[in-house]
Amino acid sequence: MKLVIFLQAETALMYDAVHLFAKALHDLDSSQRIDIKPLSCDAADTWLHGYSLINYMKIVEMKGLTGVIKFDNQGFRSNFELDIIELTKNGLQKIGSWNSTEGINFTRTYHEMIHQIVENLTNKTMIVTTILSAPYCMRKDSSDKLIGNAQYEGYSIDLIYEISRILHFNYQIVLVPDGRYGSFNKETREWDGMIRELLDQRADIAIADLTITYEREQAVDFTMPFMSLGISILYRKPIKQPPNLFSFLSPLSLDVWIYMATAYLGVSVLLFILARFTPYEWQNPHPCNPNPDHLENQFTLLNCMWFAIGSLMQQGCDFLPKAVSTRMVAGMWWFFTLIMISSYTANLAAFLTVERMDSPIESAEDLAKQTKIKYGALQGGSTVAFFRDSNFSTYQRMWSFMESARPSVFTDSNSDGVERVIKGKGNYAFLMESTSIEYVIERNCDLTQIGGLLDSKGYGIAMPPNSPYRTAISSAVLKLQEEGKLHILKTKWWKEKRGGGACRDDALKSSSAANELGLANVGGVFVVLMGGMGVACVIAVCEFVWKSRKVAVEERVSSPLT
Numbered sequence: 310m311k312l313v314i315f316l317q318a319e320t321a322l323m324y325d326a327v328h329l330f331a332k333a334l335h336d337l338d339s340s341q342r343i344d345i346k347p348l349s350c351d352a353a354d355t356w357l358h359g360y361s362l363i364n365y366m367k368i369v370e371m372k373g374l375t376g377v378i379k380f381d382n383q384g385f386r387s388n389f390e391l392d393i394i395e396l397t398k399n400g401l402q403k404i405g406s407w408n409s410t411e412g413i414n415f416t417r418t419y420h421e422m423i424h425q426i427v428e429n430l431t432n433k434t435m436i437v438t439t440i441l442s443a444p445y446c447m448r449k450d451s452s453d454k455l456i457g458n459a460q461y462e463g464y465s466i467d468l469i470y471e472i473s474r475i476l477h478f479n480y481q482i483v484l485v486p487d488g489r490y491g492s493f494n495k496e497t498r499e500w501d502g503m504i505r506e507l508l509d510q511r512a513d514i515a516i517a518d519l520t521i522t523y524e525r526e527q528a529v530d531f532t533m534p535f536m537s538l539g540i541s542i543l544y545r546k547p548i549k550q551p552p553n554l555f556s557f558l559s560p561l562s563l564d565v566w567i568y569m570a571t572a573y574l575g576v577s578v579l580l581f582i583l584a585r586f587t588p589y590e591w592q593n594p595h596p597c598n599p600n601p602d603h604l605e606n607q608f609t610l611l612n613c614m615w616f617a618i619g620s621l622m623q624q625g626c627d628f629l630p631k632a633v634s635t636r637m638v639a640g641m642w643w644f645f646t647l648i649m650i651s652s653y654t655a656n657l658a659a660f661l662t663v664e665r666m667d668s669p670i671e672s673a674e675d676l677a678k679q680t681k682i683k684y685g686a687l688q689g690g691s692t693v694a695f696f697r698d699s700n701f702s703t704y705q706r707m708w709s710f711m712e713s714a715r716p717s718v719f720t721d722s723n724s725d726g727v728e729r730v731i732k733g734k735g736n737y738a739f740l741m742e743s744t745s746i747e748y749v750i751e752r753n754c755d756l757t758q759i760g761g762l763l764d765s766k767g768y769g770i771a772m773p774p775n776s777p778y779r780t781a782i783s784s785a786v787l788k789l790q791e792e793g794k795l796h797i798l799k800t801k802w803w804k805e806k807r808g809g810g811a812c813r814d815d816a817l818k819s820s821s822a823a824n825e826l827g828l829a830n831v832g833g834v835f836v837v838l839m840g841g842m843g844v845a846c847v848i849a850v851c852e853f854v855w856k857s858r859k860v861a862v863e864e865r866v867s868s869p870l871t
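Here is the structure:
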């Protein structure tokens with residue numbers, strides 16, 4: 310039977326000290342005669358063999374209860390080893406050792422350390438700080454009075470629940486008192502918001518739409534990102550312009566219409582000249598008379614214009630050219646009209662069915678080049694820090710504009726910025742994270758995202774500096790990502806809950822009615838038709854009056870219209 314005796318460190322050190330003193334005194338007595346005499350503590354006399362005993366103790370080396378006993382020239386113990394002990398739920402466990410020559414040597418593996426951390430998290434209650442920001446954290450709509458964690462819902466709330474389910478810890482959600490994410494004040498040299506809560510040890514975890522930045526990373530620890538995003542522009546959708554009355558002219562530009570009219574007149578005149586010049590277009594007006602007094606040419610200037618317009622309208626006419634030269638002109642004109650009419654028809658459907666919306670801005674460069682539309686961001690957020698610290702000329706110009714704008718273009722919350730965009734009616738744009746913009750435009754069909762992402766970053770879970778739980782929570786986030794839970798949560802809170810998907814339904818309705826044409830789309834064609842009928846009536850009256858006057862003059866009678 311093996312007997313195990315546990316000694317306290319003080320007892321073992323005292324035993325080794327007495328043992329070393331006894332051994333040194335014994336060895337010294339064997340080498341020389343030691344005289345013992347009484348000494349007074351108040352006197353200046355010293356023991357004759359004191360220095361010899363001390364010097365011998367410095368050079369002696371022996372094995373004791375506390376390991377090898379050895380001293381340096383100054384009388385301090387050297388070459389000793391200490392065990393590193395950690396308190397676990399199973400009691401004290403050795404996790405490594407330390408000695409004066411090699412330093413610390415941990416004996417437990419990385420997986421054992423993570424396992425130990427997870428075990429320490431089990432049933433531990435963590436204080437979670439967050440901020441009200443849809444859809445990450447929102448108050449539940451309930452007629453009953455809710456308390457504790459039950460009064461909140463959202464993406465962050467579901468995320469911390471899934472993490473706690475994996476790591477088996479409890480948590481208590483507390484809203485950040487000042488309602489801020491966390492920014493560094495260079496004047497006071499202090500942090501605010503959720504970062505301050507972590508630094509002051511009032512919270513163990515901060516979970517929200519908290520962007521991982523270099524400045525924040527220097528103050529606290531972040532897990533791996535649970536969502537990737539970037540800065541983009543939230544702007545009011547441009548008002549749909551009503552169709553133009555003469556929208557049927559839109560498939561071709563004004564220059565093309567002018568060139569077509571010029572080509573029409575040019576071909577008519579050229580055909581008239583060539584028909585007069587070539588002998589093969591002159592014909593006998595009386596075929597029964599082999600020797601006519603004169604020949605006729607059917608290609609008068611008016612007939613040439615009628616032939617050209619008939620070809621352009623794909624209708625033709627009752628006479629055709631006979632000479633090779635005039636047929637060459639006609640053939641080229643027909644080929645020209647084939648291409649132009651085909652191009653016009655191909656574009657006509659799009660211009661008649663699509664309601665055009667002209668946006669004054671399409672990107673951040675468009676914002677930077679103008680001053681009419683104001684733009685801003687969340688005060689003290691990472692978006693402001695991005696523009697303030699950017700070295701890109703466009704973003705520097707935008708920051709100068711935002712900083713000098715009066716009244717201030719910065720807002721206290723994202724919801725205030727969204728409200729300002731709605732009320733601005735096209736005179737204000739808000740710069741914020743793309744994920745928040747996606748959430749807003751899913752519910753407000755009057756808003757849209759302009760341009761792409763200005764940068765690339767991620768949201769992470771923040772913890773106090775050197776937190777032992779960082780690796781474990783990062784592993785839990787990675788597991789949720791691999792299982793597809795993060796995507797499911799985003800779809801749930803972005804497109805399903807709280808009115809999500811409303812604008813998607815409107816888009817489907819508008820697309821299904823895109824092929825319907827109203828009077829506003831084709832009204833110009835009716836105007837042209839009625840105008841042509843009116844002009845024809847006026848010309849008919851003029852022709853009648855002109856012919857009546859001519860007949861009256863020839864027959865020397867008075868016209869009934871005079």
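Mapping the sequence shown onto our numbering, position 262 (from 1) lands on 571, and the numbers just tick up by one. Virtual Cβ for every residue (Gly too), placed ideally from N, Cα, C.
(request) For residue 684, count neighbouring C-beta atoms within 10 Å of its own C-beta (all shown protein chains included) and say buried if the count is 16 or more, exposed if not. (result) Around the Cβ of residue 684, a 10 Å sphere holds 16 or more other Cβ atoms; the residue is buried.
(message) For the alpha helix (DSSP H) containing residue 751, name the first residue and the last one.
(response) Run containing residue 751: none; DSSP gives neither H nor E here.
(request) Let me know the secondary structure DSSP gives residue 456 once reduced to three states. (result) DSSP places residue 456 outside both helix and strand once states are collapsed to three, so it counts as coil.
(request) Taking residue 322 as the reference, give the member of 373, 703 and 638 with the closest Cα. (result) Nearest Cα to residue 322 within the set 373, 703 and 638: 373.
(message) So, for residue 691: in the same chain, excluding its five sequence neighbours on each side, which residues have a beta-carbon less than 6 Å away from its beta-carbon?
(response) Once the five neighbours on either side are set aside, the close Cβ partners of residue 691 are 520 and 522.
(request) Consult DSSP for residue 821 and reduce its assignment to one of helix, strand or coil. (result) At residue 821, the pLDDT of 45 sits below 50, so the modelled position is not reliable and the matter cannot be decided from this model.
(request) Could you pull the start and end residues of the alpha helix (DSSP H) that residue 697 belongs to? (result) Element bounds for residue 697: 691-698.
(message) Can you give me the C-alpha to C-alpha distance between residue 401 and residue 725, rounded to a whole angstrom?
(response) Per the coordinates, the alpha-carbon of residue 401 lies some 54 Å from the alpha-carbon of residue 725.
(request) Just confirm the distance between the C-beta atoms of residue 742 and residue 540, as a whole number of angstroms; I'd bet it's less than 8 Å. (result) The Cβ separation is near 6 Å, so the contact holds.
(message) Assess contact between the stretch 669-688 and the stretch 712-730, defined as three or more Cβ pairs (one per stretch) separated by less than 8 Å. Is contact present?
(response) In the pairwise beta carbon analysis, the stretch 669-688 is classified as touching the stretch 712-730: at least three pairs are separated by under 8 Å.
(request) In angstroms with no decimal places, state the Cα-to-Cα distance between residue 433 and residue 510. (result) Answer to the nearest angstrom: the Cα atoms are 16 Å apart.
(message) Between which two residues does the beta strand (DSSP E) holding residue 632 run?
(response) Membership of residue 632 in any beta strand (DSSP E) is not indicated, and neither H nor E is assigned to it by DSSP.
(message) With the cut-off set at 8 Å, would you say residue 449 and residue 462 are in Cβ contact?
(response) For residue 449 and residue 462, yes; Cβs fall inside 8 Å.
(request) Report the three-state DSSP secondary structure of residue 445 (helix, strand or coil). (result) The answer is coil: DSSP assigns residue 445 none of H, G, I, E or B.
(request) Have a look at 485, 500 and 517 and flag the residue whose alpha-carbon is nearest the alpha-carbon of residue 492. (result) Ranking the options by Cα distance to residue 492, first place goes to 500.
(message) Would residue 538 and residue 766 be called neighbours here (beta carbons separated by less than 8 Å)?
(response) Less than 8 Å separates the beta-carbon of residue 538 from that of residue 766.
(request) Helix, strand or coil for residue 732, going by three-state DSSP, please let me know. (result) Per DSSP, reduced to three states, the secondary structure at residue 732 is helical.
(request) Could you pull out every residue in the same chain whose Cβ sits closer than 8 Å to the Cβ of residue 406, ignoring the five residues on either side in sequence? (result) Hits under 8 Å: 390, 391, 392, 393, 413, 414 and 416.
(request) Return the Cβ separation of residue 793 and residue 535 in integer angstroms, given the expectation that the two are a contact with Cβ distance under 8 Å. (result) A Cβ-Cβ separation of about 13 Å leaves residue 793 out of contact with residue 535 under the 8 Å criterion.
(message) Here's the rule I'm using: 16 or more other beta-carbon atoms within 10 Å means buried, otherwise exposed. How should residue 624 be labelled?
(response) Looking at its Cβ environment, which holds fewer than 16 other Cβ atoms inside 10 Å, residue 624 is exposed.
(request) Just confirm the distance between the C-beta atoms of residue 786 and residue 533, as a whole number of angstroms; I'd bet it's less than 8 Å. (result) Between residue 786 and residue 533 a beta carbon distance of about 6 Å is seen, short of the 8 Å cut, so the two are scored as contacting.
(request) Give every residue of the same chain whose Cβ lies closer than 7 Å to the Cβ of residue 487, excluding the five residues on either side of it in the sequence, and list them in chain order. (result) Correct list, in chain order: 501 and 502.
(request) Label residue 574 either buried or exposed according to how many other C-beta atoms from any shown protein chain fall within 10 Å of its C-beta, with 16 as the threshold for buried. (result) Its Cβ having fewer than 16 others within 10 Å, residue 574 is exposed.
(message) Please report the straight-line C-alpha distance between residue 821 and residue 504, rounded to a whole angstrom.
(response) In this prediction, residue 821 scores a pLDDT of 45, lower than 50, which makes its location untrustworthy; no coordinate-derived value is stated.
(message) Please report the straight-line C-alpha distance between residue 420 and residue 773, rounded to a whole angstrom.
(response) Whole-angstrom Cα-Cα distance: 22 Å.
(message) Quick check on this structure: which residue in 355, 362 and 348 has the alpha carbon closest to the alpha carbon of residue 342?
(response) Nearest of 355, 362 and 348 to residue 342, Cα basis: 362.
(message) By the DSSP assignment, the beta strand (DSSP E) with residue 512 in it spans what residues?
(response) Looking at the DSSP string, residue 512 is not in any beta strand (DSSP E), and its letter there is neither H nor E.
(request) Using alpha carbons as the reference points, say which of 676, 731, 732 and 729 lies closest to residue 706. (result) Put simply, of 676, 731, 732 and 729 the residue whose alpha carbon is nearest the alpha carbon of residue 706 is 676.
(message) In whole angstroms, give me the CA-to-CA distance for residue 751 and residue 546.
(response) Their backbone Cα atoms lie some 13 Å apart in a straight line.
(message) Could you check whether residue 451 and residue 516 sit closer than 8 Å to each other, using their CB atoms as the reference points?
(response) Against a cut-off of 8 Å, the Cβ pair of residue 451 and residue 516 comes out as no contact.
(request) Give me the Cα-Cα distance between residue 443 and residue 735, rounded to the nearest whole angstrom. (result) Roughly 24 Å separates the two Cα atoms.
(request) For residue 327, count neighbouring Cβ atoms within 10 angstroms of its own Cβ and tell me buried if that reaches 16, exposed if not. (result) That one is exposed.
(request) Could you name the residues of the same chain whose beta carbon sits closer than 7 Å to that of residue 350, not counting the 5 residues immediately before and after it, in chain order? (result) Within its own chain, no residue has a Cβ closer than 7 Å to the Cβ of residue 350 once the five positions on either side in sequence are excluded.
(message) Can you tell me whether residue 545 is helix, strand or coil according to DSSP?
(response) Looking at residue 545 - three-state DSSP - the assignment turns out to be strand.
(message) Assuming contact is defined by CB atoms lying nearer than 8 Å, are residue 562 and residue 553 in contact in what I supplied?
(response) Taking the C-beta atoms as reference points, residue 553 is found no nearer than 8 Å to residue 562.
(request) Please report the residue range of the alpha helix (DSSP H) in which residue 572 lies. (result) For residue 572, the enclosing alpha helix (DSSP H) begins and ends at 563-586.
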